[in-house]
Amino acid sequence: EQTSAGNHPVKTIKLNADTTNASDIHDSKIKRLRFALVACIALLVVSAAALYSTYSELDSAKERIADLNAQNEQFTSTVNYMKDVNTDLQKIADMSADPDWTTVRLAGTDMDPNAKMIVYWHTTGNHVMMDNSKMQLPANDGAHQYQLWALVNGKPVDLGVFDVKPDTKNILVTMKGIASAQTFAVTLEKRGGSPSPTMDQMIVAGNVAI
3 EQTSAGNHPV KTIKLNADTT NASDIHDSKI KRLRFALVAC IALLVVSAAA LYSTYSELDS
63 AKERIADLNA QNEQFTSTVN YMKDVNTDLQ KIADMSADPD WTTVRLAGTD MDPNAKMIVY
123 WHTTGNHVMM DNSKMQLPAN DGAHQYQLWA LVNGKPVDLG VFDVKPDTKN ILVTMKGIAS
183 AQTFAVTLEK RGGSPSPTMD QMIVAGNVAI
């Protein structure tokens with residue numbers, strides 16, 4: 003305490019340490035908040051990286067599953083194709099051993115001497131089938147189709163049209179039936195076929211063996 007001129011005591015106000023402590027506490031809170039913010043950002047970055055990695059793995063797994071499904075479909079398609087081929091080959095073997103089935107070999111004409119094909123004709127059941135595995139005809143374009151004919155006492159009878167494509171899978175193709183025939187022939191006609199054969203477009207022909 004100090005004494006004034008009138009001898010009255012004067013109190014001296016000292017800066018309390020609490021003021022300094024409050025400032026320190028404020029700074030400490032800011033540091034903790036900054037640390038928490040940095041920690042949150044770091045956690046967010048780590049979480050985002052983990053999420054991206056998980057998403058990438060999930061996307062990769064989906065692609066692998068899609069690939070496996072495609073492979074499975076391809077395998078199933080191949081198995082079914084092999085079953086169909088085996089069935090057709092067994093039919094051909096049965097027809098060759100059955101006297102009611104006649105094998106007619108059609109040879110190339112001047113239009114294409116290298117062309118050839120085989121027709122199976124069931125003489126009592128009137129069935130007619132073509133063998134794609136033994137067929138050597140040029141692939142037809144979109145505007146034309148091949149047409150199979152049977153000559154009955156010199157008159158042509160339509161047995162249906164067909165396409166020749168490189169990706170043809172069926173071995174045996176069923177055509178229209180015929181009860182009697184002396185010759186089988188194939189002509190190249192406009193798509194949909196013709197009421198009568200275009201003789202200069204006859205590519206193969208073969209007589210029925212008696």
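In this text, residue positions in the sequence shown follow our numbering: the first is 3, and each later residue adds one.
Think of the CB as a built atom: it goes at the ideal place given N, C-alpha and C, for glycine as much as any other residue.
The model shown is predicted, which means the values in this text are computed figures rather than measured ones.
request  = Look at Arg193 and Val163 and say whether their C-beta atoms are less than 9 Å apart.
outcome  = The residue given as residue 193 occupies position 191 in the sequence shown. The residue given as residue 163 occupies position 161 in the sequence shown. In terms of Cβ geometry, Arg193 and Val163 form a close pair [threshold 9 Å].
Proximity winner among Ala99, Asp114, His124, Asp165, relative to Ala145 (alpha-carbon distances) = On the sequence shown, position 143 is the one that residue 145 refers to. Taking only the C-alpha atoms, the option nearest Ala145 is Asp165.
message = Can you tell me which residues form a DSSP beta bridge with Lys157?
response = Stepping through the sequence shown from its first residue, residue 157 is reached at position 155. According to DSSP, Lys157 bridges with Val154.
key: Integer Cβ distance of Gln147 from Gly208, believed to fall under 8 Å   = As a first step, residue 147 is located in the sequence shown; it is residue number 145 there, counting from the start. As a first step, residue 208 is located in the sequence shown; it is residue number 206 there, counting from the start. With a Cβ gap of about 20 Å, Gln147 and Gly208 do not count as contacting.
ask   = Residues in its own chain within less than 6 Å of Asp160 by CB, not counting five upstream and five downstream?
value = In the sequence shown, residue 160 corresponds to position 158, counting from 1. Its chain contains no residue whose beta carbon lies nearer than 6 Å to that of Asp160 once the 5 sequence neighbours on both sides are disregarded.
request  = Have a look at Asn71 and Leu150 and give me their C-alpha separation to the nearest angstrom.
outcome  = Locating residue 71 in the sequence shown gives position 69, counting from the first residue. Locating residue 150 in the sequence shown gives position 148, counting from the first residue. Approximately 41 Å, taken between the alpha carbons.
ask   = Per DSSP, what kind of secondary structure is Thr139 in: helix, strand or coil?
value = Translated into the one-based positions of the sequence shown, residue 139 becomes position 137. The amino acid occupying residue 139 in the given sequence is Leu; Thr does not appear at that position. Leu139: coil per DSSP, three-state reduction.
task = Go through its chain and collect everything with a Cβ distance to Met111's Cβ below 8 Å, but skip five positions before and after it.
result = Sequence index remark: in the sequence shown, residue 111 carries index 109 (1-based). A small fix is needed here, since residue 111 is Thr in this sequence, not Met. Taken in chain order, the residues that qualify are Ala117, Met204, Ile205, Val206, Ala207.
task = Please go through the same chain and pick out, in chain order, the residues whose beta-carbon is closer than 7 Å to the beta-carbon of Asn128, but skip the five residues on each side of it.
result = Translated into the one-based positions of the sequence shown, residue 128 becomes position 126. For Asn128, where only same-chain residues beyond five positions count, the Cβ hits under 7 Å are Gly179, Ile180, Ala181.
query = Nearest to Val106 by CA position, among Pro115, Met137, Val40, is which residue?
reply = Here the question's residue 106 lines up with position 104 in the sequence shown. Answer by Cα proximity: Met137.
query = Using CA coordinates, which residue listed in Phe37, Arg66, Ala187 is at the minimum distance from Met113?
reply = Here residue 113 corresponds to residue number 111 of the sequence shown, with the count starting at 1. Nearest in C-alpha terms to Met113, of all of Phe37, Arg66, Ala187, is Ala187.
Whole-angstrom distance between Pro199 and Tyr83, CA atom to CA atom = By one-based count along the sequence shown, residue 83 stands at place 81. By one-based count along the sequence shown, residue 199 stands at place 197. Each residue's alpha carbon lies about 34 Å from the other.
query = For the putative contact between Met119 and Met132, defined by C-beta atoms under 8 Å, what is the C-beta separation to the nearest angstrom?
reply = The residue you call residue 119 lines up with position 117 of the sequence shown. The residue you call residue 132 lines up with position 130 of the sequence shown. Taking a contact as a CB-CB distance under 8 Å, the pair Met119 and Met132 counts as one, their CB atoms being some 7 Å apart.
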